[in-house]
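What follows is a short report on a single structure.
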Amino acid sequence: MITVLIVDDEPQLLRALQINLRTHGYRPVTTTDGASALAAAYEHRPDLVVLDLGLPDMDGVQVIAGLRTWSQVPIIVLSARHGPEDKVEALDAGADDYVTKPFGLEELLARLRAAERRAIPAPETPVVTTEHFRLDIAVRKAEVRGELVRLTPTEWKIVELLVRNPGRLVGQQKLLLEVWGPAYAKEVQYLRVYLNQLRRKLEPDPTRPRFFITESGMGYRFEP
Numbered sequence: 001m002i003t004v005l006i007v008d009d010e011p012q013l014l015r016a017l018q019i020n021l022r023t024h025g026y027r028p029v030t031t032t033d034g035a036s037a038l039a040a041a042y043e044h045r046p047d048l049v050v051l052d053l054g055l056p057d058m059d060g061v062q063v064i065a066g067l068r069t070w071s072q073v074p075i076i077v078l079s080a081r082h083g084p085e086d087k088v089e090a091l092d093a094g095a096d097d098y099v100t101k102p103f104g105l106e107e108l109l110a111r112l113r114a115a116e117r118r119a120i121p122a123p124e125t126p127v128v129t130t131e132h133f134r135l136d137i138a139v140r141k142a143e144v145r146g147e148l149v150r151l152t153p154t155e156w157k158i159v160e161l162l163v164r165n166p167g168r169l170v171g172q173q174k175l176l177l178e179v180w181g182p183a184y185a186k187e188v189q190y191l192r193v194y195l196n197q198l199r200r201k202l203e204p205d206p207t208r209p210r211f212f213i214t215e216s217g218m219g220y221r222f223e224p
């Protein structure tokens, strides 16, 4: 069942969407403000997000930006703002589609189906082999020069995020949100501690990292 996070502060509309989406085979999760939306997205990991821009605690564009620091979930804006500048701002922030109120239910359902089709499938669980170590993410098995090395559950979460994005920068906030959750979004010292631990376990020379590279002030990158 496809989970849809609906974010809107109009109770009647929220209730109507909840009923209609459930009728059409979706699993709706509802929130009425931006902060709750970000927390619900992290907790429920929805397949789709339907988002109003005029929220009581923050602008919906801020919610889009917050989600895009760690998630590529399709976002459909559902807003009474009709101006082209509003649409451009939302789409530039990372929204995938924009529907103006009032709207027809059939149109929204069609947009949801289109967003489902465009959604990027999850990558297969990788086995990563370098000249120094081998990581089997599926069974959480790490070997360095043929010797088993124990990684903690937190270290595995960090490693998995990095190795699934080889050669690409993974931002500090994305790592913090994915591994520790929204309450730790600014605790960058956690990353320093754990990356140092990983390097001691996996790098041939922890003082001169070859595989787990720091991009100062931005995040980390895995170089296979």
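In full-length UniProt numbering, the protein residues as written are 1 to 224.
Where a beta carbon is used, it is the ideal one built from N, C-alpha and C, also for glycine.
Computed from a predicted structure; not experimentally measured.
Close Cβ partners of residue 166 (< 6 angstroms) along its chain, the five nearest in sequence each way excluded:
On the sequence shown, residue 166 is found 166 positions in, with the first residue counted as 1. Excluding positions up to five away in sequence, the list reads 222 and 224.
Express the C-alpha separation of residue 214 and residue 190 in angstroms, rounding to a whole number.
Along the sequence shown, one-based indexing puts residue 190 at 190. Along the sequence shown, one-based indexing puts residue 214 at 214. Looking at the two C-alpha atoms, the distance is approximately 14 angstroms.
Measuring alpha carbon to alpha carbon, tell me which residue in 116, 84, 86 and 75 is nearest residue 97.
As a first step, residue 97 must be located in the sequence shown, where it is residue number 97. That would be 75, whose Cα lies nearest to the Cα of residue 97.
What residues in its chain sit with their C-beta under 6 angstroms from that of residue 174, if we drop five residues either side in the sequence?
Numbered from its first residue, the sequence shown carries residue 174 at position 174. For residue 174, where only same-chain residues beyond five positions count, the Cβ hits under 6 angstroms are 69 and 70.
Can you find a CB in chain C that lies within less than 7 angstroms of the CB of residue 130?
No chain C is part of this structure, which consists of one protein chain only.
Could you pull the start and end residues of the alpha helix (DSSP H) that residue 190 belongs to?
For the purposes of this step, residue 190 is taken as the residue at position 190 of the sequence shown. Element bounds for residue 190: 188-202.
Return the chain-ordered ranges of every beta strand (DSSP E) run that is complete within the UniProt domain "Response regulatory" (3-116) and spans a minimum of 3 residues.
26-31, 48-51, 75-79 and 97-100
Range covered by the alpha helix (DSSP H) that runs through residue 207
Position 207 of the sequence shown holds residue 207. Unbroken run through residue 207: none, as it is neither H nor E.
Under 8 angstroms by Cβ, that's how I've got residue 159 and residue 135 pegged, so tell me the actual separation to the nearest angstrom.
Residue mapping note: residue 159 aligns to position 159 of the sequence shown, counting from 1. Residue mapping note: residue 135 aligns to position 135 of the sequence shown, counting from 1. That pair is a contact at about 6 angstroms.
Sequence-distant residues of the same chain with beta carbon closer than 7 angstroms to residue 3, five excluded per side:
Position 3 of the sequence shown, counting from 1, holds the residue named residue 3. Taken in chain order, the residues that qualify are 27, 29, 44, 46 and 47.
Three-state secondary structure assigned by DSSP to residue 223
If you number the sequence shown from 1, residue 223 lands on position 223. Correct three-state label for residue 223: coil.
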